[in-house]
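S.K.: Start counting the sequence shown at 20; every next residue gets the next number (the numbering used here).
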Amino acid sequence: MSREILEAVREIEKEKGIETNTLVHALEDALLAAYKKTPGAARHAQVDLDDRGDFRVWAVELPPDLEERLIEEAREKALTELEEAEEASGERSHTLISDDDLDIDWDQVPPDQMNRTDVTPENFGRIAAQTAKQVIQQRIREAERAMMYDEYVDRVTEVVTGIVQQAGDRNNILVDLGKVEALLPRSEQVDGERYEQGSRIKAVITEVRSGTKGPQVILSRRDPELIKTLFELEVPEIADGLVEIRGVAREPGYRSKIAV
């Protein structure tokens with residue numbers, strides 16, 4: 020069963036640049052979560068990929084004092100992460116943390132302190148196949164979003180050309196840049212300009228935010244960098260470096276001044 024999964028993982032590494040170990044660890048984590056939902060699941064368990072290419076589930080027993088210490092450390096870590104998430108969002112999550120949901124740091128456990136028993140369910144092959152498909156698809160999407168973010172975050176201050184996709188609401192102008200849809204906020208629009216759906220516009224990338232659905236690119240038609248770039252495109256002496264723009268002052272929609 021898992022031979023096919025491993026072959027798919029290695030192929031994805033070649034095509035998408037996602038390391039095999041990254042995908043295998045993600046699969047192990049997802050399969051462990053699936054196992055914990057089965058009736059009678061062991062309190063502490065691990066999922067490993069064995070030499071035959073099959074995933075095995077191991078129930079783990081620990082000395083009571085070591086178990087207590089590891090659970091306490093895991094609880095403190097989970098609480099800290101929850102507090103940081105609440106602080107970042109500005110909202111209380113009201114999440115209850117159960118000891119059964121805590122992730123023990125197995126790197127702190129000496130091998131001779133663990134008693135492992137194979138408890139792999141009979142139908143685990145089917146579960147692994149279904150889970151593998153979901154995890155691989157998810158990781159591919161995450162990798163593509165990360166690559167897209169890296170591409171556009173390096174283009175901040177760059178002038179780009181896009182096609183207006185949605186212009187009905189002046190507060191939210193959507194602009195198609197080819198690979199992503201960018202947002203031209205009301206505060207970055209020029210008074211008096213009309214943005215017709217399907218029209219081409221030039222704008223400056225001022226910010227790139229990481230989002231769950233991909234990077235959110237923020238554009239500006241008011242940024243002085245737009246005028247500077249347009250002059251570089253239209254005036255050969257500036258493009259050739261014979262004349263240097265030292266500064267730009269704008270009253271968007273009215274006048275612009277440049278110092279050379």
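The beta-carbon is built from N, C-alpha and C at its ideal position, and this holds for glycine as well.
#1: Measuring only the C-alpha atoms, how far is alanine 52 from glutamate 100?
#2: Determine the DSSP secondary structure at leucine 281, reduced to helix, strand or coil.
#3: Using alpha carbons as the reference points, say which of Trp77, Tyr54 and Pro234 lies closest to glutamate 170.
#4: With a Cβ-Cβ cutoff of 9 Å, do arginine 208 and tryptophan 125 count as a contact?
#5: Put valine 199 into one of helix, strand or coil per three-state DSSP.
#6: Can you check which of these residues, Met133, Val28 and Arg158, is closest to aspartate 84 by C-alpha distance?
#7: If you follow the alpha helix (DSSP H) that glycine 144 is part of, which residue opens it and which one closes it?
#8: According to DSSP, is isoleucine 24 part of a helix, a strand, or is it coil?
#9: Counting only the same chain and skipping the five closest in sequence on each side, list residues whose C-beta sits under 6 Å from that of glutamate 92.
#10: Am I right that valine 183 and tyrosine 214 are in contact with their C-beta atoms under 8 Å? What's the rounded C-beta distance?
#11: Tell me the rounded alpha-carbon separation between methionine 20 and alanine 45.
#12: For alanine 49 and glutamate 95, what's the separation of their Cα atoms in angstroms?
#13: Counting only runs of 3+ residues fully inside the stretch 37-71, write out the beta strand (DSSP E) ranges in chain order.
#14: Hey, glutamate 200 and arginine 240 are a contact pair by Cβ (cut 8 Å); roughly how many whole angstroms apart?
#15: Does DSSP put isoleucine 123 in a helix, in a strand, or in coil?
#16: Would you list the residues sitting across from leucine 137 in a DSSP beta bridge?
#17: Check whether the Cβ atoms of valine 194 and isoleucine 220 lie closer than 9 Å to each other.
#18: Find the nearest neighbour of aspartate 122 within the set Leu89, Glu34, Ala151 and Val154, judged by alpha-carbon distance.
#19: Looking only at its own chain, which residues have a Cβ that is under 6 Å from the Cβ of glutamate 244, when we skip the five neighbours before and after it?
#20: So, helix, strand or coil for glutamate 244, using DSSP?
#21: For the candidate residues Lys55, Pro129 and Asp242, whose alpha-carbon lies nearest to that of valine 178?
M.R.: Based on what the coordinates show:
#1: Mapped onto the sequence shown, residue 52 falls at position 33. Mapped onto the sequence shown, residue 100 falls at position 81. C-alpha separation (whole angstroms): 19 Å.
#2: Any question about residue 281 goes unanswered here, given that the chain covers just 20 to 279.
#3: If you number the sequence shown from 1, residue 170 lands on position 151. It is Pro234.
#4: The residue labelled residue 208 in the question sits at position 189 within the sequence shown. The residue labelled residue 125 in the question sits at position 106 within the sequence shown. Position check: residue 208 holds glutamine in this sequence, whereas arginine was assumed. Taking 9 Å as the Cβ cut-off, glutamine 208 and tryptophan 125 do not qualify as a contacting pair.
#5: Here residue 199 refers to the residue found at position 180 of the sequence shown. Note: valine 199 maps to coil in three-state DSSP.
#6: Here residue 84 refers to the residue found at position 65 of the sequence shown. It is Met133.
#7: Counting from one through the sequence shown, the residue named residue 144 turns up at place 125. It spans 143-172 - the alpha helix (DSSP H) in which glycine 144 sits, taken as one unbroken run.
#8: If you number the sequence shown from 1, residue 24 lands on position 5. In this structure, isoleucine 24 counts as helix in the three-state DSSP scheme.
#9: Position 73 of the sequence shown holds residue 92. Correct list: empty, nothing qualifies.
#10: As a working note, residue 183 is residue 164 in the sequence shown. As a working note, residue 214 is residue 195 in the sequence shown. Indeed, because the Cβ distance is near 5 Å, the residues count as touching under 8 Å.
#11: Walking along the sequence shown from the start, residue 20 turns up at place 1. Walking along the sequence shown from the start, residue 45 turns up at place 26. Note that methionine 20 scores 48 on pLDDT, short of 50, meaning its location in the model is unreliable; the coordinates nonetheless yield the value given after this. Each residue's alpha carbon lies about 17 Å from the other.
#12: Locating residue 49 in the sequence shown gives position 30, where the first residue counts as 1. Locating residue 95 in the sequence shown gives position 76, where the first residue counts as 1. Each residue's Cα considered, the two are about 23 Å apart.
#13: 64-68
#14: As a working note, residue 200 is residue 181 in the sequence shown. As a working note, residue 240 is residue 221 in the sequence shown. Not a contact, Cβ separation roughly 16 Å.
#15: Indexing the sequence shown from 1 puts residue 123 at position 104. Coil at isoleucine 123, not helix or strand.
#16: Along the sequence shown, read from residue 1 onward, the residue named residue 137 stands at position 118. The sequence as given places aspartate at residue 137; leucine does not occur at that position. Per DSSP, Trp77.
#17: Residue 194 sits at position 175 when you count from the first residue of the sequence shown. Residue 220 sits at position 201 when you count from the first residue of the sequence shown. Contact flag set, yes.
#18: Within the sequence shown, residue 122 is the residue found at index 103, counting from 1. When each option's Cα is compared against that of aspartate 122, the closest is Leu89.
#19: Within the sequence shown, numbered from 1, the residue matching residue 244 stands at position 225. Only Thr176 and Val223 meet the Cβ criterion.
#20: Translated into positions along the sequence shown, residue 244 becomes position 225. Three-state DSSP puts glutamate 244 in a helix.
#21: What you label residue 178 is simply residue 159 of the sequence shown in a count that begins at 1. When only C-alpha atoms are compared, the closest one is Asp242.
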